[in-house]
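Student:
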Amino acid sequence: MTTSPTQAVSDATLTAVTATTPAATVDDTGIDAWELAASRRILANLRTLLDGQRTLDLINGQVEKSDSLLRGYAEQSNGRFTGTQVLLRITGIHVRQFMPTVRAMMDGAASPDPAVRGAALAMAFAAHPEHYAMAPGGRPGVIETMGGLPTRSFPAFVQPDQVPSFVSDLIDSSYDLSTVGAADLADGTMFSYVLQEYRDTANGMEVSLRIWYPAACPPAYVEEHAQHYAVEFRNGVRLATAALRDRN
Numbered sequence: 415m416t417t418s419p420t421q422a423v424s425d426a427t428l429t430a431v432t433a434t435t436p437a438a439t440v441d442d443t444g445i446d447a448w449e450l451a452a453s454r455r456i457l458a459n460l461r462t463l464l465d466g467q468r469t470l471d472l473i474n475g476q477v478e479k480s481d482s483l484l485r486g487y488a489e490q491s492n493g494r495f496t497g498t499q500v501l502l503r504i505t506g507i508h509v510r511q512f513m514p515t516v517r518a519m520m521d522g523a524a525s526p527d528p529a530v531r532g533a534a535l536a537m538a539f540a541a542h543p544e545h546y547a548m549a550p551g552g553r554p555g556v557i558e559t560m561g562g563l564p565t566r567s568f569p570a571f572v573q574p575d576q577v578p579s580f581v582s583d584l585i586d587s588s589y590d591l592s593t594v595g596a597a598d599l600a601d602g603t604m605f606s607y608v609l610q611e612y613r614d615t616a617n618g619m620e621v622s623l624r625i626w627y628p629a630a631c632p633p634a635y636v637e638e639h640a641q642h643y644a645v646e647f648r649n650g651v652r653l654a655t656a657a658l659r660d661r662n
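Listed below in structure tokens is the structure:
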């Protein structure tokens with residue numbers, strides 16, 4: 415098996431490097447941080463250059479492939495789902511301080527006001543590198559990576575009696591806030607459910623994030639989205655905390 419270039423540069427077991435510049439001396443962890451900063455810069459540049467329809471045109475074939483795969487997995491699963499959970503322990507911000515940022519992103523992304531929509535999309539794109547675009551067509555939706563492919567989904571928060579019992583039965587009353595959601599494809603195929611719960615701690619909050627996919631999906635779907643959640647919410651709380659700091 416040949417190691418790809420991306421696999422090679424991601425394998426920290428191959429070597430150990432220390433770098434000294436006039437400003438700092440860093441090990442591999444520090445070099446990784448520089449690489450991450452560079453990756454964010456190029457991603458921001460490409461998002462600006464390929465904003466909107468140009469991005470949609472580039473990924474259209476992959477989106478259609480993902481649609482087809484998920485429809486097939488849903489059919490093969492016969493109503494069975496498999497899921498995962500991520501537990502986040504966060505310091506420096508409480509639930510009531512965090513949720514306005516979530517609402518601003520979700521509501522603002524569908525706003526007819528270009529300034530409001532642009533601000534919301536800027537936050538959404540910063541929250542995760544695999545947030546490609548909002549779904550076209552007027553219906554609130556998003557294109558993000560699922561199962562390794564850009565996937566067009568239409569998520570919405572719903573009432574507990576609108577999701578299967580395997581979701582609603584896990585609602586934990588010890589949390590201050592519990593929200594449930596469902597997502598379908600463009601043709602109406604329901605393919606995902608979520609349960610997101612929040613509670614304050616003395617110096618921050620704890621968040622439980624669950625997501626389900628059709629049982630026939632490869633394991634990468636749930637494993638990948640667990641990591642997606644961790645990145646998305648870590649960056650989300652940084653966005654919210656920065657907004658609080660800027661207002662003070």
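Residue numbers for the sequence shown follow the working numbering, so the first one is 415 and each next one is one higher.
Think of the CB as a built atom: it goes at the ideal place given N, C-alpha and C, for glycine as much as any other residue.
Apart from the five residues just before and just after A488, which ones in its own chain have a Cβ nearer than 7 Å to its Cβ?
Tutor: Counting from one through the sequence shown, the residue named residue 488 turns up at place 74. For A488, where only same-chain residues beyond five positions count, the Cβ hits under 7 Å are T603, F605 and P628.
Student: Which one of Q610, T515, A447 and A634 has the shortest CA to CA distance from R652?
Tutor: Numbered from 1 along the sequence shown, position 238 holds the residue referred to as residue 652. Of Q610, T515, A447 and A634, the residue nearest in Cα terms is T515.
Student: Would you kindly report the start and end of the unbroken beta strand (DSSP E) that includes S418?
Tutor: For the purposes of this step, residue 418 is identified with residue 4 of the sequence shown, where counting begins at 1. No beta strand (DSSP E) contains S418, which DSSP labels as neither H nor E.
Student: Go ahead and pull the three-state DSSP assignment for S622.
Tutor: As a working mapping, residue 622 is identified with position 208 in the sequence shown. Strand, per DSSP.
Student: Write down the C-beta distance between S622 and E638 rounded to the nearest angstrom, noting that I regard them as a contact closer than 8 Å.
Tutor: Here residue 622 is taken as the residue at index 208 of the sequence shown, counted from 1. Here residue 638 is taken as the residue at index 224 of the sequence shown, counted from 1. Contact doesn't hold; Cβ gap of about 19 Å is too wide.
Student: In chain order, what residues of the same chain lie with their CB nearer than 7 Å to the CB of F539, ignoring the 5 residues before and after it?
Tutor: For the purposes of this step, residue 539 is taken as the residue at position 125 of the sequence shown. Here the set comprises R461 and H545.
Student: Specify the secondary structure class of A596 as computed by DSSP and reduced to three states.
Tutor: Here residue 596 is taken as the residue at index 182 of the sequence shown, counted from 1. Note: A596 maps to strand in three-state DSSP.
Student: Taking the beta strand (DSSP E) that D614 belongs to, which residues open and close that run?
Tutor: Within the sequence shown, the letter at position 200 stands for residue 614. From DSSP, the beta strand (DSSP E) with D614 extends over M604 to T615.
Student: What residue does the beta strand (DSSP E) around Y546 start on, and which one ends it?
Tutor: Position 132 of the sequence shown, counted from the first residue, corresponds to residue 546. Note, Y546: beta strand (DSSP E), H545 to M548.
Student: Rounded to whole angstroms, what's the CA-CA distance from A438 to Q421? Just pull it up for me.
Tutor: On the sequence shown, residue 438 is found 24 positions in, with the first residue counted as 1. On the sequence shown, residue 421 is found 7 positions in, with the first residue counted as 1. Between A438 and Q421, the C-alpha separation is close to 27 Å.
Student: Measuring straight from C-alpha to C-alpha, what distance separates S418 and D425?
Tutor: Here residue 418 is taken as the residue at index 4 of the sequence shown, counted from 1. Here residue 425 is taken as the residue at index 11 of the sequence shown, counted from 1. S418 and D425: Cα-Cα distance of roughly 11 Å.
Student: Return the chain-ordered list of same chain residues with a C-beta closer than 8 Å to the C-beta of D586, the five sequence neighbours on each side being excluded.
Tutor: Counting from one through the sequence shown, the residue named residue 586 turns up at place 172. The residues are S592, E611 and S622.
Student: Roughly how many whole angstroms lie between the Cα atoms of V594 and M513?
Tutor: Here residue 594 corresponds to residue number 180 of the sequence shown, with the count starting at 1. Here residue 513 corresponds to residue number 99 of the sequence shown, with the count starting at 1. Cα-Cα distance, rounded: 15 Å.
Student: Helix, strand or coil, according to DSSP, for I456 in the structure here?
Tutor: As a working note, residue 456 is residue 42 in the sequence shown. Of the three classes helix, strand and coil, the one that applies to I456 here is helix, per DSSP.
Student: Are the beta-carbon atoms of R517 and S525 separated by less than 8 Å?
Tutor: Counting from 1 along the sequence shown, the entry for residue 517 is found at position 103. Counting from 1 along the sequence shown, the entry for residue 525 is found at position 111. Going by C-beta atoms, R517 is not nearer than 8 Å to S525.
Student: Helix or strand or just coil, what does DSSP make of Y589?
Tutor: If you number the sequence shown from 1, residue 589 lands on position 175. Reduced to three states, the DSSP call for Y589 is coil.
Student: Which one or two residues does DSSP pair with T687 in a beta bridge?
Tutor: Examination of residue 687 is not possible in this model, given that the chain is present from 415 through 662 alone.
Student: Note down, in chain order, each residue of its chain lying with its Cβ closer than 8 Å to the Cβ of L599, except the 5 sequence neighbours on either side.
Tutor: Locating residue 599 in the sequence shown gives position 185, counting from the first residue. For L599, where only same-chain residues beyond five positions count, the Cβ hits under 8 Å are D481, L484, R485, R566, S567, F568 and F605.
Student: To which residues of the same chain is P564 closer than 6 Å at the C-beta, ignoring the five residues directly before and after it?
Tutor: Against the sequence shown, residue 564 aligns to sequence position 150. Once the five neighbours on either side are set aside, the close Cβ partners of P564 are I473, Q476, V477, Y546 and I557.
Student: Could you tell me the distance, in whole angstroms, from the CA atom of D575 to the CA atom of L609?
Tutor: As a position in the sequence shown, residue 575 is number 161, starting the count at 1. As a position in the sequence shown, residue 609 is number 195, starting the count at 1. Computed Cα separation, rounded: 13 Å.
Student: Would G466 be called buried (16 or more neighbouring beta carbons within 10 Å of its own) or exposed?
Tutor: To locate residue 466, count along the sequence shown from 1; it is residue 52. Under this definition G466 is an exposed residue.
Student: Take the Cβ of R510 as the centre, count every other Cβ of all protein chains shown within 10 Å, and call the residue buried at 16 or more, exposed below.
Tutor: The count along the sequence shown starts at 1 and reaches residue 510 at position 96. So R510 ends up on the exposed side.
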